[in-house]
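Position one of the sequence shown corresponds to residue 30 (the numbering used here), numbered consecutively onward. Ideal Cβ placement from N, Cα and C applies to all residues, glycine included. Step one of this worksheet: look at the structure below.
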Amino acid sequence: MLAIDNGAVLRKLGSHRTFVSQVEKGHTTPAEIVAGLKSRIEDRVREFSQVSYGLHPFDVVEALRRHEFPSDLEDYRETEDPGLSVAIELAAMLVREPVEVRASTIDFVADLGPAVERLSQLAHEIISCIDLIARHETSHGNDATAYLSSNLFSRMLMLRGNQYSHIERNHCRRFLSAPHIEVHARQALGLTYDEATIVLDASEALYSERLEAALHELNQLVDTKGADFVEPASPAGYLLRSLYAEMGRLGSFTEGDLVTATGLSPAIVRAALDLLSHPTGSVEPLKVVERIASGRDPMRGKAYLRLDQRYVLVNTAAATDRLRDTFENALKSNPRAQNSYNKWRGKQAEGIAVELLEQILGVPATYTSLKYRSKPSPSDPAPELAEADALFIFDSVALIVEVKSASFSSQARAGDPVRLVTDLRKTVGHGATQAARLEQLAREDGGVVSADGSWLDLSQIVDVHMIVVSAEELGRAAIDIDALVRSGVIPEDTLPWVVSLHDLAVIAEIDERPPAFLLYLRQRTSPQISRLFNAGDELDLYILFLRGHLWAMADPRVLAAKNPMSAHVTSGKIARYEKQPEIVVQSQTDDLAAWMYYKQGQRSTPAPRPALHANRRLLEIVDFLIEEHKPGWFEFGADLLDGGPKAQKVLASALDELLRRANADGAEHSVARGLSGHWGYSMFVATVALNGETSREGMERMGKYLLLKKYQMRAPRALGLVFSPSGQLFGAEYVGGSWKHDPDGESLLAHFKLKNQRGAALPPSAKRRTRRLRV
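Next up, the structure:
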């Protein structure tokens with residue numbers, strides 16, 4: 030099944046909007062522009078009826094399927110494909126039951142081709158007008174909410190098959206295939222989710238088998254009799270018409286065909302076809318447009334067009350996309366069933382999200398379903414219990430996870446900005462607030478009280494990230510953190526990473542190094558990244574990150590305030606920061622799709638897995654730290670890869686120079702670098718073992734220097750490495766814990782004539798003990 034690249038499909042509208050300038054010319058108000066667009070729609074719907082008159086509806090749908098969809102996925106690149114699958118659905122609703130059908134000829138190019146090309150253009154224009162009308166008519170809420178809602182409406186209008194089917198079906202089965210849920214589904218719809226997918230798959234397979242058989246038979250006839258043998262009444266002529274003119278003849282099927290193909294009972298197949306088909310001509314053409322514009326698309330969740338008890342495929346990817354919605358809406362008719370399902374779906378969504386994060390991070394969650402409360406205080410002697418769905422702890426890093434399974438309301442899907450913000454506050458906003466509460470307690474109190482009354486010590490945590498996972502596809506609402514802040518969905522000082530289950534599953538399947546995931550979290554929740562990078566899809570940003578291009582210079586004044594030991598603020602740095610341009614992220618997922626299609630057997634040409642592009646020397650160090658999970662492996666792996674390609678090259682060159690000098694004179698040499706970002710500050714040192722020095726002696730010598738540099742730079746954590754003269758890594762030492770004044774440390778600074786770095790006033794956390802771990 031084709032997974033459509035979200036960002037690229039939305040950007041395709043640009044190629045179909047050249048006519049809009051004609052509509053907007055001379056119109057100055059939104060009302061005038063909307064009126065012009067509506068008039069354009071009426072003209073285009075009228076012309077669609079004229080062009081399709083006399084063509085069989087099934088022939089039109091099948092011809093448009095071939096026109097809009099790729100014939101195969103071998104060399105398919107979504108960014109280069111002008112097709113728009115929603116155009117097929119619109120056409121299926123606009124075609125009428127034929128009063129008379131034109132006689133076809135073998136000359137199919139002259140017969141159907143021009144008509145199909147024009148029908149495609151008309152459908153594209155109508156869809157573009159609907160989208161633009163929604164944007165101009167968005168009048169409730171502030172600019173940020175209008176921006177989010179118009180993007181959600183565009184997503185719902187345009188995108189079909191926007192999830193990889195193996196991931197989507199796995200999640201849907203977790204939600205809908207439990208025995209107690211299937212009982213409710215069968216009562217409401219007459220079939221289960223699995224039975225519906227069996228019918229969908231069988232119809233696709235039946236179509237493919239017939240097409241391949243017809244092509245094979247035609248080739249055999251031509252090879253045997255010759256091309257000149259083809260006449261209208263001949264078997265070859267019949268096959269030609271079926272393949273290229275009267276296409277619906279080959280593509281259509283009956284209930285009996287699917288009963289035979291699936292082995293299911295006629296009642297179940299009939300229930301599936303009733304659920305998944307749209308009757309030809311059942312809605313007047315302008316009413317079709319009106320319903321689509323109001324978010325009540327008659328083809329939503331449908332796979333087939335029905336006429337006289339025969340069916341033709343329209344878009345099974347679209348039906349699969351919305352199949353969960355179809356079943357969930359049916360369950361709403363029974364309050365008991367809906368309540369049971371909502372609880373089950375929430376539990377399953379949490380389980381899937383935690384499993385995916387454990388796969389990405391390579392370790393089990395430290396806590397799941399963690400119930401906790403703050404320390405009692407005079408103002409709050411009996412704090413209420415709160416819950417975090419999962420908590421991952423790595424030395425000085427904590428990842429707080431909240432999972433939300435609620436779906437968008439129909440009003441939000443239709444583009445109502447006020448309702449969208451209400452829904453987002455219930456999901457994203459509530460999840461962010463829950464995660465932020467635990468983050469605040471870890472930072473201010475150094476821990477929380479568990480439900481059993483024990484103290485959960487989080488005093489060593491200095492780097493906290495909040496992850497909000499949604500079972501709903503959120504589109505731009507998940508990406509544009511700045512708009513979420515401006516619309517009041519999340520607090521200004523709380524920047525979680527908001528991601529769908531599907532996109533999290535794709536990231537887990539790519540299976541990059543865990544420290545790279547932490548670095549991605551840092552980048553995605555960076556205020557600069559949110560402000561400067563304008564993308565349409567989370568996976569576009571993730572692939573851009575893997576390629577080493579998701580990076581922006583942080584505000585040097587903010588870094589100096591947060592990390593007093595980092596580099597000094599200069600006018601040049603401020604100027605470079607302020608001159609950073611906004612970046613519109615084009616589609617990055619063609620290579621990802623090729624790899625996915627190859628993995629799933631949908632293309633035979635091998636395609637490489639998307640992988641992190643980073644400096645080879647630094648990746649060797651990161652892999653060394655990951656091995657056996659050496660202390661500090663997670664956060665320092667991310668620290669070393671931070672800063673963009675240029676910073677990586679500078680650090681790697683310094684290490685190469687260290688080895689060159691140590692081998693040249695055999696003397697003691699070292700490298701010390703402060704690593705900083707909006708996430709915090711750390712200290713990295715490296716040295717080379719001296720001739721005749723054992724690895725233990727080298728580690729002890731480096732360890733003293735590491736402590737000295739950590740104290741001098743007041744870093745909350747530090748990592749030291751020892752290389753052999755040949756460049757092999759001997760070992761690593763990690764030191765965590767906030768800085769506190771130490772007379773011995775001051776004496777050492779004076780002895781080695783190192784400058785005593787003066788920073789801001791010490792926070793209360795400065796009294797925490799130092800942790801020193803060596804491997």
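- For the options L648, A691, I655, the alpha carbon positioned closest to that of L680 is the one of L648.
- The beta carbons of M328 and A121 sit about 6 Å from each other, so the pair counts as a contact at 8 Å.
- When the Cα atoms are used, I558 and Q552 turn out to be separated by approximately 6 Å.
- Taking the CA atoms as reference points, G482 sits about 25 Å from E379.
- Distances from the CA of A747 to each of F665, S753, E729 were compared; the closest alpha carbon is that of F665.
- Taken atom to atom, the span from the alpha-carbon of H213 to that of L669 is near 53 Å.
- If you ignore the 5 residues before and after P745, its C-beta comes within less than 8 Å of the C-beta of S425, V491, G709, Y710, S711, G765, G766, S767, W768, all in its own chain and listed in chain order.
- Shortest Cα-Cα distance from L244 to any of E233, S529, L385, A265 involves A265.
- When DSSP states are grouped into helix, strand and coil, R702 belongs to the strand group.
- Taking a C-beta distance under 8 Å as the contact criterion, S281 and F98 do not qualify as a contact pair.
- The shortest C-alpha to C-alpha distance from Q150 to any of E71, F77, S369 is the one to F77.
- Counting C-beta pairs closer than 8 Å gives three or more between the segment 606 to 620 and the segment 568 to 577, which meets the contact rule.
- A straight-line Cα-Cα distance of about 29 Å links L428 and L758.
- Counting C-beta pairs with one atom in each stretch, the segment 199 to 212 and the segment 343 to 360 have three or more that are closer than 8 Å, which means they touch.
- Excluding its 5 nearest sequence neighbours in each direction, P412 has C-beta neighbours in its own chain below 6 Å: R402, S403, listed in chain order.
- One alpha carbon belongs to G756, the other to R743, and they sit about 29 Å apart.
- Proximity of the segment 297 to 313 to the segment 225 to 243 meets the contact definition, three or more beta-carbon pairs being nearer than 8 Å.
- Non-local beta-carbon contacts of G219 in its own chain, meaning distances under 6 Å to residues more than five positions away in sequence, involve A300 in chain order.
- Under DSSP, R94 takes part in no beta bridge, so it has no partner.
- Each of T716, S68, E118, A144 was checked against the Cα of Q79, and the nearest Cα belongs to A144.
- In this structure I156 is buried. Its beta-carbon is surrounded by 16 or more other beta-carbon atoms within 10 angstroms.
- One Cα belongs to S776, the other to L470, and the distance between them is close to 36 Å.
- A direct Cα-Cα distance of roughly 15 Å separates R632 from S237.
- A779 and S555 have their C-alpha atoms roughly 38 Å apart.
- When the beta-carbon positions are compared, R69 and C201 stay at least 8 Å from each other.
- T716 is bridged by DSSP to S699, V751.
- Per DSSP, P208 is not a residue of any beta strand (DSSP E); the alpha helix (DSSP H) it occupies stretches across 208 to 218.
- DSSP, read as helix, strand or coil, puts F781 in coil.
- Setting aside the 5 residues that flank it on each side, Q377 is surrounded in the same chain by R203, F204, each with a C-beta closer than 6 Å to its C-beta; the list follows chain order.
- If one requires a minimum length of 3 residues, the beta strand (DSSP E) runs lying completely within the segment 406 to 430 are 415 to 423, in chain order.
- Beta-bridge annotation (DSSP): S499 is paired with K433, S529.
- Here DSSP, grouped into helix, strand and coil, assigns K254 to helix.
- Taking C-beta atoms as the reference points, V89 and V124 count as a pair closer than 8 Å.
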